[in-house]
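One rule links them: number in my numbering = place in the sequence shown (from 1) + 372.
Since the structure comes first, as structure tokens, the remarks are kept for the end.
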Amino acid sequence: MPHPPILAPSLLAGDHAHLAASAQAAGQAGAPWLHLDIMDGHFVPNLSFGPETLAALRRAGAKQFFDTHLMLDEPQRYIEPFAQAGAQLISVHIEPAYDHAGTLKRIRTLGCQSGIVLNPGTPAGAIEPVLDQVDLVLVMTVQPGFGGQSFRRDMLAKLLQIDGWRRERNLKFRLEVDGGIDLATARECRAAGADTFVAGTSFFRAADPGAFAAAFAAM
Ligand code: DX5
Ligand code: ZN
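So, in structure tokens, the structure goes:
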């Protein structure tokens, strides 16, 4: 049975002077997850926010499932602060050199779900060795660093391949897509096996965020 679809609005596209209000708007629209993009200016050429922002969002009343996407060269150094700040899922990229397996294990030991992420240029085979250690695989459908980019349709084949491994091996991880996702591109990804949808620009620019979230839930 495929997982039911989940929408994770990306706070990166929210109002950075009023992040709590943007998080609240996403929750009120009915999106169960909130996607938090953490950037270090090294792994990606941009900066965003850190663990204190997550803690402050929790204090301000954010109740969503915090889906935390670490775009960091040394993610292993920041697992604990993010877990303490209220992250419930922590995803780390496969590309930098660090102890991937040990870091994924540590994420679970801290009581969080673990995720592995791969960039558009990274073949699916790179994450194959850790597939039985993760709760989520995030396939980037743009080069990470910035919101508002165009969906990379050539990533659909990668989704099909990873979804195939999931079925063959009877694994239960969620398959998430991030970058250029709107209802139309989400439907293409859903048909290729994705079940978890990050939406930044399309969500925060939607005229009716409640209807937008409902359309994703009905996919
Ligand atoms: C890109 C981030 C995304 C970004 C997506 O580096 O990982 O989560 O916020 O933005 P949109 O949905 O605008 O492509
Ligand atoms: Zn992201």
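Ideal Cβ positions, reconstructed from N, Cα and C, are used throughout, including at glycine.
Predicted model, so just to flag it, every value in this text is computed and none were measured.
With 16 as the cutoff for other CB atoms within 10 Å, does residue i come out buried or exposed?
i	result
PRO501	exposed
MET457	In the sequence as displayed, the identity of residue 457 is Ala instead of Met. Label assigned to ALA457: buried.
MET373	exposed
GLN400	exposed
LYS530	buried
ARG380	The identity of residue 380 in the sequence shown is Ala, whereas the question assumes Arg. That one is buried.
PRO447	buried
For residue i, does the three-state DSSP call read helix, strand or coil?
i	result
GLU446	coil
THR440	strand
PRO381	strand
HIS472	helix
MET411	strand
ALA457	helix
ILE499	helix
In angstroms with no decimal places, state the Cα-to-Cα distance between residue i and residue j.
i	j	result
ARG546	VAL509	6 Å
ARG538	LYS544	7 Å
HIS375	GLN396	25 Å
Thinking just about the alpha-carbon of each residue, which of the options is nearest to the one in residue i?
i	options	result
ALA385	LEU406, ASP445 and ALA459	LEU406
GLU467	VAL489, CYS484, GLN460 and ALA459	VAL489
ASP554	GLU540, GLY572 and ALA563	GLY572
THR475	PRO495, ALA393 and ARG449	ARG449
LEU507	ASP567, ALA393, ARG559 and MET527	Going by the sequence as given, residue 507 is Asp instead of Leu. Cα-wise, what sits closest to ASP507 is ASP567.
ILE479	ALA498, THR440, GLY433 and ALA578	THR440
Just checking my contact of residue i with residue j at CB under 8 Å: how many whole Å lie between their CB atoms?
i	j	result
PRO492	GLN521	No, PRO492 and GLN521 are not in contact; Cβ-Cβ is about 10 Å, not under 8 Å.
SER382	ASP409	6 Å
LEU426	ALA459	6 Å
THR557	PHE523	4 Å
PRO377	ARG525	So it is not a contact: roughly 19 Å between Cβ atoms.
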